[in-house]
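Asker: Okay, handing you the structure first.
Numbering (the working numbering), first residue to last: 567 to 739.
What follows is the structure, given as structure tokens:
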């Protein structure tokens, strides 16, 4: 996934195609505000590598003319950016109060038990990472979860959770 070598301009941790995509994102903003593309650049890095490495953060900071810590602050603020490698299927289970009141914590525990991992862990086969997350904005549908930062699923009873895991296993590459 990520090179262990430190980022230097001659050995970027991302592909030329990623930097071309960065340029398209930066072009959407006034020249003196190119740092506004930081979230898009982080998403591009994650799409390419599966997570955002420190080397990728440094490359993005250099590209945008930002302090590396400023990029890192964005990475760590949002739970959509993976700060370490994750499984093919990242399952974020909302554990905020409204979901808690409707079995959100129990849904997280059920998934972890079914997959044999702790919250924040990844299955040994690399298929699943299960994480608690902050509010997903669908409190009336609790418990809710987000699959791979893209697909929201609602009313996640134990049976629905089991069905989701089985469906995702069948889709695994």
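Positions of the beta carbon are idealized from the N, C-alpha and C atoms, including for glycine.
Which of the three DSSP states is assigned to residue 656 in this structure?
Answerer: For the purposes of this step, residue 656 is taken as residue 90 along the chain shown, with counting starting at 1. Residue 656: strand per DSSP, three-state reduction.
Asker: Just list the alpha helix (DSSP H) runs in the region 579 to 667, keeping only unbroken ones of 4 residues or longer that don't cross its boundaries, in chain order.
Answerer: 582 to 592, 604 to 615, 620 to 630, 634 to 643 and 663 to 666
Asker: Give the range of the alpha helix (DSSP H) segment to which residue 678 is assigned.
Answerer: Here residue 678 corresponds to residue number 112 of the chain shown, with the count starting at 1. Per DSSP, residue 678 is one residue of the alpha helix (DSSP H) stretching across 670 to 681.
Asker: Express the C-alpha separation of residue 696 and residue 687 in angstroms, rounding to a whole number.
Answerer: One-based indexing of the chain shown puts residue 687 at position 121. One-based indexing of the chain shown puts residue 696 at position 130. Their backbone Cα atoms lie some 6 Å apart in a straight line.
Asker: Three-state secondary structure (DSSP) at residue 731?
Answerer: The count along the chain shown starts at 1 and reaches residue 731 at position 165. DSSP places residue 731 in helix when its eight states are reduced to three.
Asker: With the cut-off set at 8 Å, would you say residue 584 and residue 628 are in Cβ contact?
Answerer: The count along the chain shown starts at 1 and reaches residue 584 at position 18. The count along the chain shown starts at 1 and reaches residue 628 at position 62. Their beta carbons are not under 8 Å apart, which means residue 584 does not touch residue 628 by this criterion.
Asker: When we look at the beta-carbon of residue 661 and count the other beta-carbons within 10 Å, is it buried (16 or more) or exposed?
Answerer: What you label residue 661 is simply residue 95 of the chain shown in a count that begins at 1. Buried, because 16 or more other Cβ atoms sit within 10 Å of the Cβ of residue 661.
Asker: Less than 8 Å between the C-beta atoms of residue 710 and residue 723, yes or no?
Answerer: Position 144 of the chain shown holds residue 710. Position 157 of the chain shown holds residue 723. Not in contact: residue 710 and residue 723 (Cβ atoms no closer than 8 Å).
Asker: Out of 736, 699 and 589, which has the shortest C-alpha to C-alpha gap to residue 718?
Answerer: Position 152 of the chain shown, counting from 1, holds the residue named residue 718. Nearest option by C-alpha distance: 699.
Asker: Return the Cβ separation of residue 693 and residue 656 in integer angstroms, given the expectation that the two are a contact with Cβ distance under 8 Å.
Answerer: As a position in the chain shown, residue 693 is number 127, starting the count at 1. As a position in the chain shown, residue 656 is number 90, starting the count at 1. Not a contact, Cβ separation roughly 10 Å.
Asker: Would residue 639 be called buried (16 or more neighbouring beta carbons within 10 Å of its own) or exposed?
Answerer: In the chain shown, residue 639 corresponds to position 73, counting from 1. By the neighbour-count rule (16 or more Cβ atoms within 10 Å), residue 639 is not buried but exposed.
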